[in-house]
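Chemist: So that we are looking at the same thing, I have put the structure below in structure tokens.
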Amino acid sequence: MEVRKVERISKALSDPSRILILQQLREKEDCLYCHEISDFIDLTQPSISHHVKQLADADLILTEKEGRNVKYKLNKLVLNEYVQFLNTLQV
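Counting in the UniProt record's numbering, the sequence shown runs from 1 upward without gaps.
Right, dumping it as structure tokens:
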């Protein structure tokens, strides 16, 4: 995994709200819609959009338009690559 990608993912994971979004995606296993995120995070819609964009820019989540709605899925491939990279740093 490229160092720049590791840096982008690490920055995206540096916020507790983003980690909570990823945890909810993991529990849901299928997908989350934007309105569902506001059900478990007490943030304004612009703040939620900002956090989701950070996760998407880091390739941690995949976005898919479904009519007027957007659904989000956990990008398991990238997340697993990141974890594998971190394991290489283990002493």
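Every residue gets a Cβ at the ideal spot worked out from N, C-alpha and C, and that includes glycine.
1) With Glu64 as the anchor, note down where its beta strand (DSSP E) starts and where it stops.
2) Sort out for me which residues DSSP pairs Asn69 with in a bridge.
3) In the DSSP assignment, the alpha helix (DSSP H) including Asp39 goes from what residue to what residue?
4) Classify Leu60 as buried or exposed, calling it buried when 16 or more other Cβ atoms lie within 10 Å of its own Cβ.
5) What does the alpha-carbon distance come out to for the pair Glu36 and Val3?
6) Are three or more beta carbon pairs between the stretch 7–23 and the stretch 47–61 nearer than 8 Å?
Modeler: Quick answer:
1) Taking the sequence shown and counting its residues from 1, one reaches residue 64 at position 64. 61–66 is the span of the beta strand (DSSP E), which, as asked, contains Glu64.
2) As a working note, residue 69 is residue 69 in the sequence shown. Glu66, per the DSSP bridge assignment.
3) Along the sequence shown, read from residue 1 onward, the residue named residue 39 stands at position 39. For Asp39, the enclosing alpha helix (DSSP H) begins and ends at 34–40.
4) To locate residue 60, count along the sequence shown from 1; it is residue 60. By the Cβ-count criterion, Leu60 is buried, with 16 or more other Cβ atoms from all chains shown falling within 10 Å of its own Cβ.
5) Against the sequence shown, residue 36 aligns to sequence position 36. Against the sequence shown, residue 3 aligns to sequence position 3. A straight-line Cα-Cα distance of about 33 Å links Glu36 and Val3.
6) At 8 Å Cβ cutoff, the stretches touch.
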